[in-house]
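Novice: Numbered by our numbering, the letters in the sequence shown go through residues 307 to 372 in order.
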Amino acid sequence: IIQLVPSPDLGNFFAWVVVEDIMFKVPLNVPRVFYLNTRAPITEEFPGKRVNKTLPHARPSFNLIE
């Protein structure tokens, strides 16, 4: 990978890659997903949905919302 360049669209990038002396422009899509891990109880009116995921550094997942 030579360079990562953001595109005008949010979450989209272009990677300039060299393979066997040939340069390629590879489009990348990075999903923008945010998670909230809280110890507070979640009510029905809370936006988002409850999910089960493995958190970095083996942190415990209490009420994980996507």
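No residue lacks a Cβ here, since even glycine has one placed at the ideal position from N, Cα and C.
This one's a predicted model, so the numbers in the text were calculated from it and none came from an experiment.
Taking C-alpha atoms, which residue in 347, 340 and 328 lies nearest to residue 359?
Specialist: Among 347, 340 and 328, the Cα nearest to that of residue 359 belongs to 340.
Novice: Taking only the alpha-carbon atoms, compute the straight-line gap between residue 343 and residue 337 and give it to the nearest angstrom.
Specialist: The alpha-carbon atoms of residue 343 and residue 337 are separated by roughly 19 Å.
Novice: Which residue marks the beginning of the beta strand (DSSP E) containing residue 347, and which one marks its end?
Specialist: Segment: none, residue 347 is in no beta strand (DSSP E) and carries neither H nor E.
Novice: Measure the alpha-carbon distance for residue 323 versus residue 333 and round it to whole angstroms.
Specialist: The straight-line gap from Cα to Cα measures roughly 11 Å.
Novice: Pick helix, strand or coil for residue 362, following the three-state DSSP scheme.
Specialist: In the structure shown, residue 362 sits in a helix (DSSP, three-state: H, G or I).
Novice: Based on the DSSP output, what are the partners of residue 320 in its beta bridges?
Specialist: DSSP output for residue 320 lists 311 and 333 as bridge partner(s).
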